[in-house]
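K.L.:
Encoded as structure tokens, here's the structure I'll be asking about.
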Amino acid sequence: MRYLYGPVHSRRLGLSLGITLTPHKVCPFDCIYCQLGRTIIKTRKRQSYIKSNEIISELKEFLKSPALKSAAPDYISISGFGEPTLHSNLAYLIAEIKKLTLIPLALFTNAALFYDPEVRRDVLGVDLLVPSLDAVTQGVFREIDRPAPGIKIKDVIKGLVALRKEFKTGIYLEIMLVKNVNDSQEYSYKFKEVIDRINPDKIQLNIPVRSTTESWVMPPDRERLLQIKEILGPKCEIVA
Ligand code: SF4
Numbered sequence: 008m009r010y011l012y013g014p015v016h017s018r019r020l021g022l023s024l025g026i027t028l029t030p031h032k033v034c035p036f037d038c039i040y041c042q043l044g045r046t047i048i049k050t051r052k053r054q055s056y057i058k059s060n061e062i063i064s065e066l067k068e069f070l071k072s073p074a075l076k077s078a079a080p081d082y083i084s085i086s087g088f089g090e091p092t093l094h095s096n097l098a099y100l101i102a103e104i105k106k107l108t109l110i111p112l113a114l115f116t117n118a119a120l121f122y123d124p125e126v127r128r129d130v131l132g133v134d135l136l137v138p139s140l141d142a143v144t145q146g147v148f149r150e151i152d153r154p155a156p157g158i159k160i161k162d163v164i165k166g167l168v169a170l171r172k173e174f175k176t177g178i179y180l181e182i183m184l185v186k187n188v189n190d191s192q193e194y195s196y197k198f199k200e201v202i203d204r205i206n207p208d209k210i211q212l213n214i215p216v217r218s219t220t221e222s223w224v225m226p227p228d229r230e231r232l233l234q235i236k237e238i239l240g241p242k243c244e245i246v247a
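For the sequence shown, my numbering begins at 8 and goes up steadily by one.
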């Protein structure tokens, strides 16, 4: 299988079959905590990075396989080796996957392109959206996510606020917390202000635990993590 991986146990969704929509590693960001290493093509250009019919053929094979009977996934997760919303045939792929199976479909995204109404429209067919938001100010955004030129955090936030109005099913907003970068108490109050406007169904605090692109990246102390959870309120959970 070239585009499917797993099913693997995911901390948030149980048993999850992954699908990648980009080759390794095409992304508008180059996050310091990324487990996939440095971004090879840093872009916000949407195009057909992988042939949609090849992905669908692989999924059909998987759905016929004995592996499905022995361990049916709780979710099919579109995520993979880059940013899935860069794939220009995303809406078509989501519709085709939904025709093939009743397994719920989740999409993991860095939310970089949601300023574009067409990208927001393209994701409306999934059952669960898991966007990430690691910063609410341009300086911290640049430091942690190292975005492609021209991407502004204020546009990412505006895109997420608009998405919430258009997407009525589940939105789990993930924040990756990195020690001494975005984990101060003061910064958590800034997060809260913005997240209240986005109004996700859940806020999931994550920490870097495995190999990270930059070796100096550290998780916040447990005590700080609990403080941040407290500040962000009852919808917030620690998933690490
Ligand atoms: S958005 Fe995801 S894939 Fe892209 S660099 Fe960040 S962690 Fe890696």
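Cβ coordinates follow ideal geometry from the N, Cα and C atoms, glycine included. Values in this document were obtained by computation on a predicted structure and should not be read as measured data.
Starting from I158, trace the beta strand (DSSP E) both ways and give me its first and last residue.
P.N.:
In the sequence shown, residue 158 corresponds to position 151, counting from 1. Premise fails: I158 is in no beta strand (DSSP E) and is neither H nor E.
K.L.:
Would you mind listing the beta strand (DSSP E) stretches within the stretch 28-105 that are 3+ residues and don't spill past its ends, in chain order?
P.N.:
Runs found: 82-86.
K.L.:
For my contact list, T116 and P91 are in at a C-beta cut-off of 8 Å; report their separation, rounded to the angstrom.
P.N.:
Here the question's residue 116 lines up with position 109 in the sequence shown. Here the question's residue 91 lines up with position 84 in the sequence shown. Yes, they are in contact, since the Cβ atoms of T116 and P91 sit about 6 Å apart, within 8 Å.
K.L.:
Relative to the ligand SF4, is the shortest distance from any of its heavy atoms to the C-beta of Q280 smaller than 8 Å?
P.N.:
It is not possible to answer for residue 280, since the shown part of the chain is limited to 8 through 247.
K.L.:
Determine the extent of the beta strand (DSSP E) in which L180 is found, giving its start and end residues.
P.N.:
For the purposes of this step, residue 180 is identified with residue 173 of the sequence shown, where counting begins at 1. L180 -> beta strand (DSSP E) spans G177 to M183.
K.L.:
List the endpoints of the continuous beta strand (DSSP E) containing V15.
P.N.:
As a position in the sequence shown, residue 15 is number 8, starting the count at 1. Where V15 is concerned, the enclosing beta strand (DSSP E) stretches over L11 to S17.
K.L.:
What's the call for M183, buried or exposed, on a 16-neighbour Cβ count within 10 Å?
P.N.:
Counting from 1 along the sequence shown, the entry for residue 183 is found at position 176. M183 comes out buried.
K.L.:
Taking C-beta to C-beta, are I205 and V168 nearer than 9 Å?
P.N.:
Your numbering for residue 205 matches position 198 in the sequence shown. Your numbering for residue 168 matches position 161 in the sequence shown. Yes; because the gap between Cβ atoms is below 9 Å, this pair is in contact.
K.L.:
Would you grab the beta carbon distance between G42 and S218 for me? Rounded to a whole angstrom, and I think it's under 8 Å.
P.N.:
For this step, residue 42 is matched to residue 35 along the sequence shown. For this step, residue 218 is matched to residue 211 along the sequence shown. The sequence as given places Gln at residue 42; Gly does not occur at that position. That pair is a contact at about 6 Å.
K.L.:
Expressed to the nearest angstrom, what Euclidean distance is found between the alpha-carbon atoms of G240 and V246?
P.N.:
Residue 240 sits at position 233 when you count from the first residue of the sequence shown. Residue 246 sits at position 239 when you count from the first residue of the sequence shown. Taking the straight line from one Cα to the other gives about 15 Å.
K.L.:
Could you tell me if Q192 is buried or exposed, where buried requires 16 or more neighbouring beta carbons within 10 angstroms of its beta carbon?
P.N.:
Along the sequence shown, read from residue 1 onward, the residue named residue 192 stands at position 185. By the 10 Å Cβ count, Q192 comes out exposed.
K.L.:
With which residues is P241 paired in a DSSP beta bridge?
P.N.:
Your numbering for residue 241 matches position 234 in the sequence shown. DSSP lists no partner for P241.
K.L.:
Express the C-alpha separation of L28 and I47 in angstroms, rounding to a whole number.
P.N.:
The residue you call residue 47 lines up with position 40 of the sequence shown. The residue you call residue 28 lines up with position 21 of the sequence shown. When rounded, the distance between both Cα atoms is 15 Å.
K.L.:
Going by DSSP in three states, P215 sits in which element: helix, strand or coil?
P.N.:
Within the sequence shown, numbered from 1, the residue matching residue 215 stands at position 208. Coil, per DSSP.
K.L.:
May I have the straight-line CA-CA distance separating L70 from Y196, to the nearest angstrom?
P.N.:
Reading the sequence shown from its first residue, position 63 is the one you call residue 70. Reading the sequence shown from its first residue, position 189 is the one you call residue 196. Each residue's Cα considered, the two are about 45 Å apart.
K.L.:
Hey, could you find the ends of the alpha helix (DSSP H) P124 is sitting in?
P.N.:
Locating residue 124 in the sequence shown gives position 117, counting from the first residue. It spans P124 to D129 - the alpha helix (DSSP H) in which P124 sits, taken as one unbroken run.
K.L.:
Can you tell which of D37, L11 and F121 has the C-alpha that lies nearest to the C-alpha of I104?
P.N.:
Position 97 of the sequence shown, counted from the start, is the residue given in the question as residue 104. The shortest C-alpha separation from I104 is found at L11.
K.L.:
Between I39 and V216, which are expected to be in contact by the criterion C-beta below 8 Å, what is the C-beta distance as a whole number of angstroms?
P.N.:
By 1-based counting over the sequence shown, the position of residue 39 is 32. By 1-based counting over the sequence shown, the position of residue 216 is 209. Not a contact, Cβ separation roughly 14 Å.
K.L.:
For D37, verify whether its CB is less than 8 Å away from any heavy atom of the ligand SF4.
P.N.:
What you label residue 37 is simply residue 30 of the sequence shown in a count that begins at 1. Yes - the ligand SF4 has a heavy atom lying nearer than 8 Å to the Cβ of D37.
K.L.:
Drop a sphere of 10 angstroms on the beta-carbon of R127, count the other beta-carbons inside from all chains shown, and report buried for 16 or more, exposed for fewer.
P.N.:
Position 120 of the sequence shown, counted from the first residue, corresponds to residue 127. It counts as buried.
K.L.:
How about V185 and P226: do their beta carbons lie closer than 9 Å?
P.N.:
The residue you call residue 185 lines up with position 178 of the sequence shown. The residue you call residue 226 lines up with position 219 of the sequence shown. It is a contact, given that the beta carbons lie within the stated cut-off.
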